[in-house]
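Written out below as structure tokens is the structure these notes cover.
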Amino acid sequence: MARVFVYGTLKKGQPNNYRMFDTSNGKTEFLGTAKTVEKFPLVIAGIYNVPYLLNIPGQGNQIHGEIYKVDEKMLEFLDDFEGVPTHYQRTLNKLEVKEWVAGADGETLEPGSITEAYLYSTKTYKPEWTKLPTYDNYDSYGDHGLKAIPANSLPAYVD
Ligand code: PCA
1 MARVFVYGTL KKGQPNNYRM FDTSNGKTEF LGTAKTVEKF PLVIAGIYNV
51 PYLLNIPGQG NQIHGEIYKV DEKMLEFLDD FEGVPTHYQR TLNKLEVKEW
101 VAGADGETLE PGSITEAYLY STKTYKPEWT KLPTYDNYDS YGDHGLKAIP
151 ANSLPAYVD
């Protein structure tokens, strides 16, 4: 079992959340909401309008997201889905709990307490991405107008 913090298209209400609850990918349990202790630039980039957390601690914003408990199978699925290690890298990060689902993981964490979970960030970004607008709470359907495009809806030759 592992804990994963998601801040992008895997959050509730976002276009890839259903993949975490597809039991053929493994098991997932929602534990609560949190924000990163460190600031990071969260940008929307590339032809698919993908949210990327650039691994530049100290720049940008504390990032809001959700913590899930996943089994090994789901962790492997997520690593594969997120293109680890070329596209994103999975690292352990400190998180400040906002709301915890009481007892979900056999323990209760108070709002404001610090915990740790894996998240997907990238060191393999294009230099110009550091100049893009940053967000603190990703929403694919937000007024930035940069709705995430499912990879399988694009022609194969576009990369
Ligand atoms: N999926 C992962 C990383 C970025 C994305 O869209 C997430 O939601 O955390």
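Numbering of the sequence shown is given in this note's numbering, commencing with residue 1 and proceeding in unit increments. All C-beta atoms in this analysis are idealised placements derived from N, C-alpha and C, irrespective of residue type, glycine included.
Asked, Found
"Which residues in the same chain have their Cβ closer than 8 Å to the Cβ of residue 86, if we skip the five residues on either side of it in sequence?", "124"
"Can you list, in chain order, the residues of its chain whose CB lies under 6 Å from that of residue 78, leaving out five sequence neighbours each side?", "none"
"Does the ligand PCA have a heavy atom nearer than 7 Å to the CB of residue 49?", "no"
"Does the structure place the region 45-58 close enough to the region 22-35 that three or more beta carbon pairs sit under 8 Å?", "no"
"Unbroken alpha helix (DSSP H) runs of length 4 or more, entirely within the region 30-85: which are they?", "72-81"
"Just to confirm, is the Cβ distance from residue 3 to residue 63 under 8 Å?", "no"
"Would DSSP call residue 116 helix, strand or coil?", "strand"
"So for residue 17, helix, strand or coil by DSSP?", "helix"
"What's the gap between the Cα of residue 38 and the Cα of residue 19?", "27 Å"
"Where residue 71 and residue 7 are concerned, what is the direct C-alpha to C-alpha distance, given to the nearest angstrom?", "19 Å"
"Are the Cβ atoms of residue 50 and residue 134 separated by less than 8 Å?", "no"
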